[in-house]
Amino acid sequence: MERVTLTIDMLSDNANHVGDGGGLPALIDGKVNTYYHTKWNAPVTTEAHYVQIKLNKPLKDLCFEYDARQSGVNNGGDVKAATIYGSMNGEFFESMGNEEFNLPTTNGGHATAKNNVSGKQAYNYIRFTPTLAVTKIHWIILSQAVHGGICPKYN
-14 MERVTLTIDM LSDNANHVGD GGGLPALIDG KVNTYYHTKW NAPVTTEAHY VQIKLNKPLK
46 DLCFEYDARQ SGVNNGGDVK AATIYGSMNG EFFESMGNEE FNLPTTNGGH ATAKNNVSGK
106 QAYNYIRFTP TLAVTKIHWI ILSQAVHGGI CPKYN
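Reminder that position 154 of the sequence shown reads as 139 in our numbering, one-by-one numbering, no gaps.
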């Protein structure tokens, strides 16, 4: 699969935790000692936390990979499963499917997708919304969205 190279102008989120981690730039900076964290303390949004990607080229079929936080405790924040949503306009999203991950065995390890997701059509916007983590799920903690993170199949 051809990878999509992510840039900071493609990324947004709904629950960045200012002061814990390096924000969205840490997802794509290539440094194993930085990480991205969503808000885990009050006030926490009741909406599911997500990272949104505005694509330069629409995608229909894709998967995600990531590197776990190197300094995490027992890999507690590693995402085990996520729902991937797609949108044409960035406002109205529909599920493309659920993705499960082969988890790393060590802190900072690489997580790979067990499956691809495929939408009804190619989308301009993608949301990565974790639904299950090793110990917590109301927040996201990742070190790197590996080399762009999305391994798509282009239409």
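All C-beta atoms, glycine included, are put in the ideal place defined by N, C-alpha and C.
Taking just the CA atoms, how far does residue j sit from residue i?
i: Thr31; j: Thr91; result: 30 angstroms
i: Asn83; j: Cys48; result: 10 angstroms
i: Leu9; j: Asp63; result: 17 angstroms
i: Ala66; j: Ala96; result: 11 angstroms
i: Met73; j: Pro115; result: 21 angstroms
i: Thr(-8); j: Asn100; result: 24 angstroms
i: Asn18; j: Gly6; result: 10 angstroms
i: Ile111; j: Ile69; result: 7 angstroms
i: Gly133; j: Val102; result: With a pLDDT of 34 at Gly133, under the threshold of 50, the predicted position of this residue should be treated as unreliable, and no value is reported.
i: Gly75; j: Gly94; result: 31 angstroms
i: Gly4; j: Tyr20; result: 11 angstroms
i: Leu12; j: Leu(-4); result: 9 angstroms
i: Leu117; j: Gln55; result: 19 angstroms
i: Asp(-6); j: Glu79; result: 23 angstroms
i: Phe77; j: Gly15; result: 31 angstroms
Leaving aside the five residues before and after residue i along the sequence, list all residues of the same chain whose C-beta is less than 7 angstroms from its C-beta, in chain order.
i: Gly104; result: Lys45, Gly71 and Met81
i: His2; result: His22, Thr23, Lys24 and Trp25
i: Ala158; result: No answer is possible for residue 158: the residues shown for the chain start at -14 and end at 140.
Could you please give the first and the last residue of the uninterrupted alpha helix (DSSP H) stretch that includes residue i?
i: Lys43; result: Inspection of the sequence shows that residue 43 is occupied by Pro rather than by Lys. Element bounds for Pro43: not the alpha helix (DSSP H) but the beta strand (DSSP E), Val36 to Leu47.
i: Ile13; result: Pro10 to Ile13
If you follow the beta strand (DSSP E) that residue i is part of, which residue opens it and which one closes it?
i: Ala67; result: Val64 to Ser72
i: Leu148; result: The chain is shown from -14 up to 140; residue 148 falls before or after that span and cannot be answered.
i: Phe78; result: Segment: none, Phe78 is in no beta strand (DSSP E) and carries neither H nor E.
Just to confirm my understanding: we take residue i, look at its own chain, exclude 5 residues before and 5 after, and list those with CB closer than 8 angstroms. What are they?
i: Tyr108; result: Leu40, Pro43, Leu44, Lys45, Gly71, Ser72, Met73 and Met81
Identify, in the order they occur along the chain, each residue of the same chain with its Cβ nearer than 6 angstroms to the Cβ of residue i, setting aside the five sequence neighbours on each side.
i: Tyr139; result: Note that Tyr139 scores 33 on pLDDT, short of 50, meaning its location in the model is unreliable and no value can be drawn from it.
i: Ala33; result: Thr114
Original post:
Do three or more CB pairs link the stretch 86 to 100 to the stretch 33 to 41 at distances below 8 angstroms?
Top reply: no
**OP:** Please list the segments of the beta strand (DSSP E) lying wholly inside the stretch 96 to 121, counting only runs of 3 or more residues, in order along the chain.
**Re:** 102 to 118
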